[in-house]
Amino acid sequence: MKLVQPLEQAIRNNVWNGCSVAFEGFTHLIPFAAAHETIRAGLRDLTLMRMTPDLIYDQLIGMGIARKLIFAYAGNPGVGLLRRLRDAAENDWPNSLIIEEHSHSAMANAYEAGASNLPFAVLRGYLGSGLVDVNRNVGSVTCPFTGEVLAAVPALRPDVTILHAQKADRHGNVLLEGIIGVNKQAALAATRTVVTVEEVVDDLHCHPNACVLPAFTIDAISIVPGGAHPSYALGYYERDNGFYLAWDAISRDRQRFLSWMEDNVISATPETFLKRIPGESH
Amino acid sequence: MEYTADEMMIVSAARALSNSDVCFVGIGAPSAACNLARRIGVPDVTLIYESGTIGAAPTLLPLSIGDGELCTTALTTVSSPEMFRYWLQGGWITVGFLGAAQLDRFGNINTTVIGPYHKPTVRLPGGGGAPEIAALSQKIYIVMKQSRRSFVERIDFMTSFGFGTGGDDRQKLGIRTAGPQLLITDLAIWKPARNTNELQVVSLHPGVTRQDVNATVGWKVKYSEVVTATPAPKLRELKILRDLQRRTREAHRGQRVRD
Chain A
1 MKLVQPLEQA
11 IRNNVWNGCS
21 VAFEGFTHLI
31 PFAAAHETIR
41 AGLRDLTLMR
51 MTPDLIYDQL
61 IGMGIARKLI
71 FAYAGNPGVG
81 LLRRLRDAAE
91 NDWPNSLIIE
101 EHSHSAMANA
111 YEAGASNLPF
121 AVLRGYLGSG
131 LVDVNRNVGS
141 VTCPFTGEVL
151 AAVPALRPDV
161 TILHAQKADR
171 HGNVLLEGII
181 GVNKQAALAA
191 TRTVVTVEEV
201 VDDLHCHPNA
211 CVLPAFTIDA
221 ISIVPGGAHP
231 SYALGYYERD
241 NGFYLAWDAI
251 SRDRQRFLSW
261 MEDNVISATP
271 ETFLKRIPGE
281 SH
Chain B
1001 MEYTADEMMI
1011 VSAARALSNS
1021 DVCFVGIGAP
1031 SAACNLARRI
1041 GVPDVTLIYE
1051 SGTIGAAPTL
1061 LPLSIGDGEL
1071 CTTALTTVSS
1081 PEMFRYWLQG
1091 GWITVGFLGA
1101 AQLDRFGNIN
1111 TTVIGPYHKP
1121 TVRLPGGGGA
1131 PEIAALSQKI
1141 YIVMKQSRRS
1151 FVERIDFMTS
1161 FGFGTGGDDR
1171 QKLGIRTAGP
1181 QLLITDLAIW
1191 KPARNTNELQ
1201 VVSLHPGVTR
1211 QDVNATVGWK
1221 VKYSEVVTAT
1231 PAPKLRELKI
1241 LRDLQRRTRE
1251 AHRGQRVRD
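Protein chains in written order, with the numbering used here: chain A, 1 to 282; chain B, 1001 to 1259.
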């Protein structure tokens, strides 16, 4: 299958300086391996979009990859704040970051508008919220039939959407199962889509309503077992909640963060992800 | 049996739910309360986590709203656009649980920044699902501990709208839902006063005085004409809650931590 490429090549062929990139996955199927490859590629000035920045954007932002962030919830889920993102927002370290802040509902709607090839999304949203005053990309539209004023946000159309999924078949069709978040919408809204998968199989063996991205919607597939760690891939390995707890300490200090990134990202390869997931010896 | 103020808060929140409730659950105290409720007499309460899991029935408390067990135990798992458009905006959620970094007397919530928005002293996580949960759930229950730092005269940023400046501010904005109907803290239970919609104390937890409440709130607290005493947690409630929390701690510790 020509879509399958080593991760380094998949990133190099699809992401370049200044691109807008959505690494999606709602807690589940977060494409950490692809983000680490993006860091190793030394890319700059990316516009990062993601509903829940999570540790993946803490790492990208802390490494100075991002110029702008479009997001809704920037926390370490269940643990606390994202310390590298905070350092960028509060102290411009390692660089200043332009912030475009939405709600989850607005971003989900905006990706859906992108996938639907519409210029904007309409929702009953942001009612009374101060986000309207700090984000010029929150507007309003009046219903032509009832006169109700509704919130409007521009469609999200990333240059590249990067996902992790359970499996692809030999034709390059990709199956996503479990918590699918906004993955399908983000892929269809994007100009290019890169997917890392746990494995390639002969047959996806899925039910008729499964979440499948057909091969013709995808630009590159890389086989990276464990590629969502410390997030998880339903049916393959569980969320490494212990790592999410540990990240709070790792990311607290700039030097400790940089040295962790040096050891675990800069001098690592996609193959190391297999060793990070439970049940694999290392 | 001895119990903590946290346990009192979670048990009180659990008791507020009924079998017909469809809850939008947040992590932390709300998740503990909802999962305790399922085990102490409201087995049919529906838990929906923002990750898209409808009818989740986890055996442990999740660390995140997207833990795998929420999905594998759920009736069904839907995409984020479907979650927000059909289920939340569609009006199916009877109770939305919210917490806050800062809360004011009208149940307005800040989870965005401490300090000015463009030069924050603390950049908080942001709204996530909360701005729409606050406006589109049939009613809101807020569960959080009281402190002068978080119960403030003026919130630094209006992330999620409660009652605004009180009265019928919600209706003026076109919001059709009831808003914060219950505030459950480690010290008391609060409800909005008729007409003004200012949150006022309706019940004090056992052993808590008005002085304790006033000392942890940054505005002049109002009390309902009749202030009752919250019933202390029952032995059974505590046993079930502690068992749930112990098993959760062990499971999370069991996962590999690397550095």
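We put the beta carbon where it would ideally sit given N, CA and C, even for glycine.
{"query": "For a quick check, are the C-beta atoms of L82(A) and P53(A) less than 8 Å apart?", "result": "yes"}
{"query": "Please classify V1095(B): does DSSP put it in a helix, a strand, or coil?", "result": "strand"}
{"query": "I need the DSSP call for N183(A), collapsed to helix, strand or coil.", "result": "helix"}
{"query": "Which whole-angstrom value is the C-beta distance of L123(A) and Q1138(B), which I expect to be below 8 Å?", "result": "That belief does not hold up - the Cβ atoms of L123(A) and Q1138(B) are roughly 18 Å apart, past 8 Å."}
{"query": "Any contact of the segment 1071-1082 of chain B with the segment 1045-1052 of chain B, i.e. 3+ C-beta pairs under 8 Å?", "result": "yes"}
{"query": "Any beta carbon from chain B within less than 8 Å of S267(A)'s own beta carbon?", "result": "no"}
{"query": "Thinking C-beta only, is L1098(B) closer than 8 Å to I1133(B)?", "result": "yes"}
{"query": "R1149(B) to V1217(B), Cα distance in whole Å?", "result": "8 Å"}
{"query": "With a threshold of 8 Å between beta carbons, is D1259(B) in contact with chain A?", "result": "Legend: pLDDT at D1259(B) = 35, less than 50; position of this residue unreliable, value from coordinates given subsequently. Chain A contact via Cβ: present."}
{"query": "Which value, in whole angstroms, describes the spacing of the CA atoms of S1020(B) and E198(A)?", "result": "40 Å"}
{"query": "Which same chain residues end up closer than 8 Å to V1213(B) when comparing Cβ atoms and leaving out the 5 residues on each side of it in sequence?", "result": "Q1146, L1187, A1188, V1201, L1204 and V1221"}
{"query": "Can you check whether the C-beta of F1024(B) is within less than 8 Å of a C-beta belonging to chain A?", "result": "no"}
{"query": "What span of residues does the beta strand (DSSP E) with E100(A) cover, start to end?", "result": "I98 to E101"}
{"query": "When you compare the CB positions of T1196(B) and G1166(B), do they come within less than 8 Å of one another, or not?", "result": "yes"}
{"query": "Let me make sure I understand the geometry here. Which of G1127(B), I1175(B), D1169(B) and T1209(B) has the alpha-carbon closest to that of V1227(B)?", "result": "T1209(B)"}
{"query": "Measure the CB-CB distance between N137(A) and E100(A) and report whether it falls below 8 Å.", "result": "yes"}
{"query": "Across which residues does DSSP place W1190(B) in a beta bridge pair?", "result": "L1183(B) and V1201(B)"}
{"query": "Taking S103(A) as the query, report the chain B residues whose CB atoms sit under 8 Å from its CB, ordered along the chain.", "result": "G1127, G1128, G1129, A1130, P1131 and E1132"}
{"query": "Considering only DSSP beta bridges, list what Q1102(B) is partnered with.", "result": "N1110(B)"}
{"query": "Give a yes or no on whether the minimum CB-CB distance between G1107(B) and chain A is below 8 Å.", "result": "no"}
{"query": "Is the CB of Y1003(B) under 8 Å away from at least one CB in chain A?", "result": "no"}
{"query": "Below 8 Å on C-beta distance, what does M1158(B) contact in chain A?", "result": "G128, S129 and G130"}
{"query": "Which of helix, strand or coil does DSSP assign to N109(A)?", "result": "helix"}
{"query": "Under 8 Å, do F257(A) and I266(A) count as touching if we go by C-beta distance?", "result": "no"}
{"query": "Go ahead and pull the three-state DSSP assignment for H164(A).", "result": "strand"}
{"query": "For I1027(B), tell me which candidate among A1005(B), L1060(B), E1002(B) and Y1003(B) has the shortest Cα-Cα distance.", "result": "L1060(B)"}
{"query": "Relative to chain B, which residues along the segment 69-92 of chain A have a C-beta separation below 8 Å, given in chain order?", "result": "F71, A72, Y73, A74, G75, P77, G78, V79, L81, L82, L85, R86, A89 and E90"}
{"query": "Between the alpha carbons of V1022(B) and D219(A), how many angstroms are there, rounded?", "result": "41 Å"}
{"query": "The segment 1038-1061 of chain B: which residues have C-beta closer than 8 Å to a C-beta of chain A, in chain order?", "result": "E1050, S1051, G1052 and T1053"}
{"query": "Just to confirm my understanding: we take R84(A), look at its own chain, exclude 5 residues before and 5 after, and list those with CB closer than 8 Å. What are they?", "result": "D58, Q59, I61, G62, S251 and F257"}
{"query": "Going by DSSP in three states, G62(A) sits in which element: helix, strand or coil?", "result": "helix"}
{"query": "Skipping 5 residues on each side, what residues in its chain have a beta carbon closer than 8 Å to that of C206(A)?", "result": "L175, E177 and V212"}
{"query": "Terminal residues of the continuous beta strand (DSSP E) containing Y1141(B)?", "result": "K1139 to V1143"}
{"query": "Give the secondary structure of P1058(B) by DSSP, where H, G and I count as helix, E and B as strand, and everything else as coil.", "result": "coil"}
{"query": "List, in order along the chain, the chain A residues whose C-beta lies closer than 8 Å to that of I943(B)?", "result": "No answer is possible for residue 943(B): the residues shown for chain B start at 1001 and end at 1259."}
{"query": "Could you spell out the range, first to last residue, of the beta strand (DSSP E) harbouring Y244(A)?", "result": "Per DSSP, Y244(A) belongs to no beta strand (DSSP E); it is in the alpha helix (DSSP H), N241 to I250."}
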